[in-house]
Amino acid sequence: MKTEKVSDKTGLLPFIRIPRNMESSLNLMAKLVFLLALIYGCYGEPQDLSGKVFVIPMATSTSHVKLHANVSKPISAMTMCQRFNSELERGQSLFSLATQSHNNDLLLYKRSMGVYRVHIKGDQLDFISLPDSKNEWISICWTWDSKTGLTQLWVNGKRSARRILKPDTSVTGKPSIMLVQEQDSYGGGFDISQSFVGDVTDVHFWDNVISSCEIQLYMEFNRFTPGNILNWKALQFTIEGKVFIENSDFKSECYNY
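Residue numbers (this note's numbering): 25 to 281.
This is how it looks when you write it as structure tokens:
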């Protein structure tokens, strides 16, 4: 085995001999560590996505965005808001939160034009006749309070009737949160026929029901209090497959956060 003399320039160590194949392995390990550092820098640290969108250009059973959130207590109330733009008329998943106990702990699913289905811990109900347009931005917020079970949707400033779903319960366990795909199993089980195609932006999640005034501010893209669980301006996420980050065209030149 060929070896090379390597000295410690500090003078603190004697001359040692390192096999060349070991030196190659060390170089490879250094490159891997550098690559992992780059990946961590992209996805491990929160990013400010103000003025940006996730672009999902095609239906797949693999592409998705996993959102990382620090949920330290059971979710007994919540508000989720996002904006999306799609040309599809078929059903597609907008927001999926699963735990080991339930695939559909919190799921917002657009069934068809103007029809949305919400799932809470496996139970579901539909909201109908809400504003909708193809190839136009849709701003949507979903609220739920387990004390009463009251749940509601807001779409482009118009609110639905309040309905009751899963009172006196809470979402417990480590959540797996996905955009683009519905989770039919914890962290997976994707179905291409349920996948979202289009643009998504301004995703926020609160562990309380925010006021109607805050929701209206969000709808108008005015100054509002960002989500304390998911915040588009400090979002920690992982992209898998054909999902791209591009500039947003939703009033981006007219309003400031």
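All C-beta atoms, glycine included, are put in the ideal place defined by N, C-alpha and C. These numbers were taken from a predicted model, which means no experiment stands behind them.
Asked: Cβ neighbour criterion (16 or more within 10 Å) applied to Ser-157; Found: exposed
Asked: Cβ pair Ser-85, Glu-113 closer than 8 Å; Found: no
Asked: Residues near Leu-50 by beta carbon distance below 7 Å, same chain, minus five either side; Found: Caution is warranted here: a pLDDT of 47 is assigned to Leu-50, below 50, making its placement in the model unreliable, and the coordinate value is therefore given only provisionally. Nothing meets the Cβ criterion.
Asked: Buried versus exposed, by CB contacts within 10 Å (16 or more), Ser-96; Found: exposed
Asked: Unbroken beta strand (DSSP E) run spanning Met-102, endpoints; Found: 101 to 109
Asked: Inter-residue spacing [alpha-carbon to alpha-carbon] between Asp-129 and Arg-247; Found: 30 Å
Asked: Contacting residues, own chain, Cβ-Cβ under 8 Å from Trp-161 (five flanking each side not counted); Found: Arg-107, Phe-108, Asn-109 and Phe-274
Asked: Those runs of the alpha helix (DSSP H) which lie wholly inside the region 168 to 225 and span at least 4 residues; Found: none
Asked: Sub-8 Å separation of Cys-165 and Ile-99 beta-carbons; Found: no
Asked: Ile-234 - DSSP class collapsed to helix/strand/coil; Found: coil
Asked: Segment contact, 8 Å Cβ cut-off, at least three pairs: the region 163 to 181 with the region 140 to 151; Found: yes
Asked: Supposed contact pair Pro-70 and Ala-258 - C-beta distance, whole angstroms, cut 8 Å; Found: 4 Å
Asked: Through-space distance from Phe-245 to Cys-105, alpha-carbon basis; Found: 12 Å
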